[in-house]
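Protein chains in written order, with our numbering: chain A, 1 to 456; chain B, 1 to 456.
For every residue, glycine included, the Cβ atom is placed at its ideal position computed from N, Cα and C.
This structure is a prediction, so every number in the text was calculated from the model and none was measured.
Inspection log for the structure reproduced underneath, given as structure tokens.
This is the structure in structure tokens:
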């Protein structure tokens, strides 16, 4: 946790109702930390403490509350006048984020308490699909004309800037079309009478309103952006995405990737705020599916029951074999999943990826097979004195191991690429799924090798 | 891939040596994309194309080359004058990043070609540990005095701003100590004769030079920052970290987490740029370690050889049991690992986490055990007509399954927290490790249950 404050002391102040002193403390704190602190309080106390905050700060704190239930409770408790003050101070995109999590009656109360201009902006933003650039952009930006001078531009920023989410990049519009961007830095270094078109940057990066928000977030990381213009089909500027929202998207998407890779259906809430039932619901589907697909592995084992009975020692190496296969496969799949999501690898690289993984797999397979051969003869046979571990048995296990590693790594890199090609999130092709597939493959290889070498 | 350009057409222009036209095309491109394009070219051609770029752009492109071998090749090919021009245009922190990956002779050539002031800044930055705030900060920022007026501040920004990485947040210093920050936005909205101390923000966020760079990156995400001051032990401002570098750190750290979670020793290079041997070296250690620790599972299986021989059908359900246990465990461990790294969960939450996971585990265990009981009797016994699958056997499997899920989830959440407490990266406690531990646990539970219920 990054709080630089003594939360316990603050809690005591609140609970012993020493509000005057608490108010002084809160004034020195960052809005994000105040929001974290409020979320630790009981509902009634939260409202009292929230009312201690100066207007501007209150709105910022409100936007940073992580739990939409807390936001809803506050909205319900605030008077219309108080609510209006909070809403006035919020940026439009933050208001939209809040609205998206609220029930209809709260939404209509929010809309009733915003001015008509803001209301129409909110309605526009709400119309974009949830995962699109349109849904995370703001409509509050400074726009200039190409023929404006630097002095006029500064005049405009001074007049309008208070309400704009960023003023450092201004957007130059000709006939509603985006023709350039100019930074305040560039304007500060130019003469007052320079026309904007002489200093604006025309090498433009922009995205379409319907672009996937994950792609938008990746663009911020790739191009080191602080803001990115969003245009409609006709190249008209309709909004901008700012870096703070892009970072939030990046964190959310990465959490989703982590969850999918661990066979969890993504949940939208922080870990400790997710209820037990909700957590169970997010974990059961994949567990159930993977459990049932292990039936195939069971069938394979049953099919070779007689072979196993003839050479019982083979059973002892099954977990090692399937485990190593699963680990090898997930290494490859995770490496490819990450490379895909960083844009380091595309569909055109499929052959290069498979070729690389195949070579890595052969080397890993030889190395692991060799190590295991030595280990079986030294440890299992000599040290632990197990006479059943013959050279032939060790050979079976190690050849099967090497072959399994090769198959696992190739399957491990192919599955995410295949998913990507089909438009499925490659992250679902991580360890749990791979492990189940590789379990079956490795057993088939194992028994085929055993039948060949031992003649059982 | 996010390139908006036709790389193939550009490649053809370069290879057919139509440099005049290529130069025109390059001028319209983003520096990041030009760098990607250069890295596709053969070494000699890369140098020729690099020389086509205007000076300022060339330096930016140079900083964005991902492969340090390419950078080294370019540095070696450039004349001293050309190198000086590139270095002059680079920000100090970018130069330091480059230097960190170069051999000694190249480093000394770089240092010889920078002016003394920059050289001393570089040397200062190089002295910080690789993963610290000091190593990712820049020493180029605008500093003001509290008594400066807004007009004086703007004058200073105009004079010094060109060389500073960001001018939008200025740092207010009194007797070398950081006392406030003021944004250009705030200055633009204030009167020209207002003293800076009247409008500066004194609620300060800062980090110590030795703070872990991952914590720094997380602070940018949490507080929506664009820059963060770095101070020494005496509260003196020594540098700032900017949001673009913080985002790079975030991406690198997340890639490391992904790799560790897949039992890969983190590599610093993009997927396709990592050689086969290097990849093998990053994957073999954990595979080998996990393979050898599967010896325990083997020992357990050997110990129960007679029990298995008495009731061979039990073998068929081992992969399902260990697989489901492993998946349940990795769900919990990954959820906790992510919550830890987002700062949603701290050491003080250990009890809350275990209590939550325990309840989730019991519900999941009952649900999976029940589903499997029905499945075994319906599918395995009735549908596939396997007479060995008796109610008693189904009971053994399902009770063992439920117990395994509970143990797996509790172990799964405890291991990352334990690692965190010991200062080890919790990410190594993900699926591969958990799976190996849970394999052993689930077999012990399985055979204990079987011995009790079936009396074998």
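Counting every other CB atom within 10 Å of its CB across the protein chains shown gives residue 251 of chain A a total of 16 or more, marking it as buried.
DSSP, reduced to helix, strand and coil, places residue 311 of chain B outside both helices and strands of the structure shown, so it counts as coil. In the structure shown, residue 425 of chain B falls within a coil segment according to DSSP collapsed to helix, strand and coil. Going by C-alpha positions, residue 90 of chain A is about 11 Å away from residue 55 of chain A. Interface flag for residue 381 of chain B against chain A is unset, since no Cβ pair is found closer than 8 Å.
Leaving aside the five residues that flank residue 179 of chain A on each side, the residues in its chain whose CB is nearer than 6 Å to its CB run, in chain order, 172. With respect to the 8 Å criterion, residue 261 of chain A and residue 430 of chain A are classified as neighbours on the basis of their beta carbons. Per DSSP, the unbroken alpha helix (DSSP H) holding residue 153 of chain A starts and ends at 150-160. In this structure, residue 222 of chain A sits away from residue 133 of chain A, with a CB-CB distance that is not shorter than 8 Å. Three or more Cβ pairs drawn from the segment 392-401 of chain A and the segment 302-320 of chain A lie within less than 8 Å of each other, which places the two stretches in contact. If you keep only unbroken alpha helix (DSSP H) runs of at least 4 residues inside the segment 225-299 of chain B, you get 243-261. Around the CB of residue 80 of chain A, fewer than 16 other CB atoms lie within 10 Å, so the residue is classed as exposed. Using a Cβ-Cβ cut-off of 8 Å, residue 153 of chain B does not count as an interface residue toward chain A, since no Cβ of chain A sits closer than that to its own.
Pairing residue 263 of chain B with residue 416 of chain B gives a Cβ-Cβ distance that is not under 8 Å. For residue 235 of chain A, no Cβ of chain B is located within less than 8 Å of the residue's own Cβ. By the C-beta density criterion, residue 338 of chain A is buried, having at least 16 other C-beta atoms within 10 angstroms. Between residue 369 of chain B and the set B/400, B/348, B/379, the nearest pair of CA atoms involves B/400. Identification of residues in the segment 335-368 of chain A having a C-beta nearer than 8 Å to some C-beta of chain B yields 335, 336, 337, 338, 339, 342, 343, 344, 345, 346, 349, 352, 353, 356, 359, 360, 363, 364, 367, 368, given in sequence order. Runs of the alpha helix (DSSP H) spanning 4 or more residues and lying entirely within the segment 190-220 of chain B occur at 196-199, in chain order.
In this structure, B/447 is the residue among B/194, B/447, B/123, B/23 with its C-alpha nearest to the C-alpha of residue 306 of chain B. For residue 316 of chain B, the nearest CB of chain A lies under 8 Å from its own CB, placing it at the interface with that chain. Under the 8 Å criterion on CB atoms, residue 326 of chain B is classed as interfacial with respect to chain A. Remark: C-beta atoms of residue 271 of chain A and residue 357 of chain B do not approach each other more closely than 8 Å. Residue 375 of chain A reaches chain B at 292, 295, counting residues in chain order whose Cβ is nearer than 8 Å.
If you look at residue 99 of chain B, you'll find it in the alpha helix (DSSP H) that goes 92-100. Here residue 317 of chain B carries a helix assignment [DSSP, helix/strand/coil]. Residue 253 of chain B has its alpha-carbon roughly 14 Å from the corresponding atom of residue 247 of chain A.
In the three-state reduction of the DSSP assignment, residue 16 of chain A falls in the coil class. For residue 68 of chain A, no Cβ of chain B is located within less than 8 Å of the residue's own Cβ. Residue 132 of chain A sits in a strand when the DSSP states are folded into three classes. Rounded to the nearest angstrom, the gap between the Cα atoms of residue 231 of chain A and residue 72 of chain A is 33 Å.
Of the residues assessed, residue 420 of chain B falls on the buried side of the cut-off, its CB having 16 or more other CB atoms within 10 angstroms.
Residue 277 of chain A is classed as exposed because its beta carbon has fewer than 16 other beta carbons within 10 Å across all chains shown. For residue 444 of chain A, the CB contacts under 8 Å within the same chain, skipping 5 residues up- and downstream, are 300 in chain order.
Residue 364 of chain A is a Cβ neighbour of residue 280 of chain B, given a cutoff of 8 Å. Within chain B, not a single residue places a beta-carbon under 9 Å from that of residue 199 of chain A; the smallest gap is close to 13 Å.
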